[in-house]
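**Q** Just so we're on the same page, this note's numbering is the position in the sequence shown counted from 1, plus 162. Even for Gly, the Cβ is constructed at its ideal location relative to N, Cα and C. Below you'll find the structure I mean.
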Amino acid sequence: MGPASDVMTRVCQQRDSTGTVEGMVPIDEARRLVRERCAVLPAISVHVDESVGCVLAADARADEDVPPFANTAVDGYAVRAGDTTGADDVPVSLAVVGEVAAGAPGDVRVGPGEAVRIMTGAPIPSGADAIVMVEDTTFTGDRSTFDGSQHVQVRRSVPEGAAVRAAGDDVRRGDLVFEAGTPITPAVAGVLASINVRQPRVIRRPRVAVLSTGDELIDDGSPLLPGQIRESNKVMLLGLVSATGCIAVDFGVVRDDEAALEQTLRLAATECDAIVTSGGVSMGDYDVVKAVLSRIASMEWMQIAIKPAKPFAFGSLARRDGSEVPVFGLPGNPVSSLVSYELLARPALRKMAGFGPELQDRPRVSAITDVDLVRQADGKVHFQRVLTTRAADGRIHVRPVGAQGSHQLAASALASGLAVVPDGGGIVAGGEVDVVLFGD
Ligand code: AMP
Ligand code: MG
């Protein structure tokens, strides 16, 4: 990561059109800066069982056909299709000469007038070219052996190829199945296993340190003394980091103590690929995160032209070996922390984890607001927490969750998105508004 001061100088010189607030950074500039300065992590090999949530770092090609042999899609009888002609009018009786279960080699042969009982997934016996579903048959004779007295009555004619799954009809040997950059969903991992990619090359999942700061924070369940509050950001941010596809590492609650904070940050930098802090980045006297990071890291202290989550810090902390660890300094107010993480930290962490540009951001869609989205002009874009529904008109509709204060996490917790309300007098009911949807 290089110094960003040029970018920031330029950004800070921009003034919003109302001229009411000077020096605020437009959110898009901040997002661009942060993303630019976070690099994709190196590729490693992992076992396919551990790969869900990672991004493929190399193309995945098939060395084998899937399925590897022709097999039956149903339980029933392997037959020669021609032997079933007319069975819809007059049932046909065939001699049952054997049975093939899934996993068996299928080395029985079906001759004219014969059938072999067969289970889903079993190989098609030689001589057979179609399968009659068990539901269209009646078996007579001793089930435990095949001594020539077993017969099956077939009540339906089948064309050649009925219920036969051809070798390679899902994946052909040599196919490019997934390109580098593909996120490994559970289904993608299933396909990788099916083509015997046991150790896919993936982008290493970022290890992200999460820590909260503040003398007032209590996280051990003890009774609150005057002035104390329950700590809430850390569990939220650890969860958000995990949901981003990273490994969240808990670095605890650090008191407003410069030495303790410096020690924790340095340890986090040696053990992790990125650091997310909450609290202590605004203008207060005890904003020790600001004091410490200003001294030991290369940081940009921003006032972003958004509400909530105006204060935000971003920069890098050097390790002993000279490599640098991105640091995201989120504001302490819980809703601000959430919004700041979503808009600024998450896209950059997604980039580090190997997600392509189109997969770094949450989906943003145009919606209709069912109530007035009230705000005053203040030079900022407001991100109002909203509930979204899909209405009969096929559009997504939004309405704000209850209270919109930056400390009121309970009100925001069930929000399904952020309505992007541009600077100005708000949006009246029935109007269009962009919404950032939580959930990929
Ligand atoms: P700060 O950003 O440190 O000035 O904190 C802003 C507000 O957020 C204050 O009311 C803090 O008490 C509160 N706050 C800071 N960190 C947390 C946290 N981890 N959990 C809950 N509230 C917090
Ligand atoms: Mg604080």
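Does DSSP classify residue 546 as helix, strand or coil?
**A** strand
**Q** Is residue 496 close to the ligand AMP? I mean its beta-carbon at under 7 Å from any heavy atom of the ligand.
**A** yes
**Q** Is the segment 237 to 245 touching the segment 373 to 385 in the sense that three or more CB pairs, one from each, lie closer than 8 Å?
**A** no
**Q** Which residue from 351, 335 and 367 puts its Cα closest to that of residue 361?
**A** 351
**Q** Shortest alpha-carbon distance to residue 271 belongs to which of 257, 265 and 581?
**A** Nearest of 257, 265 and 581 to residue 271, Cα basis: 257.
**Q** I'd like the span of the alpha helix (DSSP H) that includes residue 499, first residue to last.
**A** Element bounds for residue 499: 496 to 502.
**Q** Under 8 Å between C-beta atoms, does residue 269 make it to chain C?
**A** The structure shown contains no chain C, having only a single protein chain.
**Q** Less than 6 Å between C-beta atoms, sequence neighbours within five positions excluded: which residues of the same chain meet that for residue 201?
**A** none
**Q** Kindly list the residues whose CB is nearer than 6 Å to the CB of residue 423, restricted to its own chain and excluding five residues on each side of it in sequence; keep chain order.
**A** For residue 423, same chain residues with a beta-carbon under 6 Å away, outside a window of 5 residues either side, are 416, 450 and 454 in chain order.
**Q** Is residue 503 near the ligand MG, going by C-beta to nearest heavy atom under 7 Å?
**A** no
**Q** I need the DSSP call for residue 298, collapsed to helix, strand or coil.
**A** helix
**Q** Assuming residue 208 contacts residue 364 under a Cβ cut-off of 8 Å, what Cβ separation, rounded to an integer in Å, is found between them?
**A** 6 Å
**Q** Any heavy atom of the ligand AMP closer than 7 Å to the CB of residue 441?
**A** Indeed, a heavy atom of the ligand AMP lies less than 7 Å from the Cβ.
**Q** Entirely within the segment 196 to 280 and at least 3 residues each: give me those beta strand (DSSP E) ranges in chain order.
**A** 205 to 207, 238 to 241, 254 to 262 and 276 to 280
**Q** When the Cα atoms are used, what is the spatial distance from residue 447 to residue 580?
**A** 31 Å
**Q** Quick one: measure Cβ to Cβ for residue 511 and residue 406, integer angstroms, because I've assumed they're closer than 8 Å.
**A** 5 Å
**Q** Going by the C-beta, is residue 395 closer than 7 Å to any heavy atom of the ligand AMP?
**A** yes
**Q** Residue range of the beta strand (DSSP E) that residue 582 falls in?
**A** 579 to 583
**Q** Quick one, are the C-beta atoms of residue 560 and residue 548 less than 8 Å apart?
**A** yes
**Q** Let me check you understand the geometry: is the CB of residue 449 closer than 7 Å to at least one non-hydrogen atom of the ligand AMP?
**A** Checking every heavy atom of the ligand AMP against the Cβ of residue 449, one is found closer than 7 Å.
**Q** Would the C-beta of residue 569 count as close to the ligand AMP, meaning under 7 Å from any of its heavy atoms?
**A** yes
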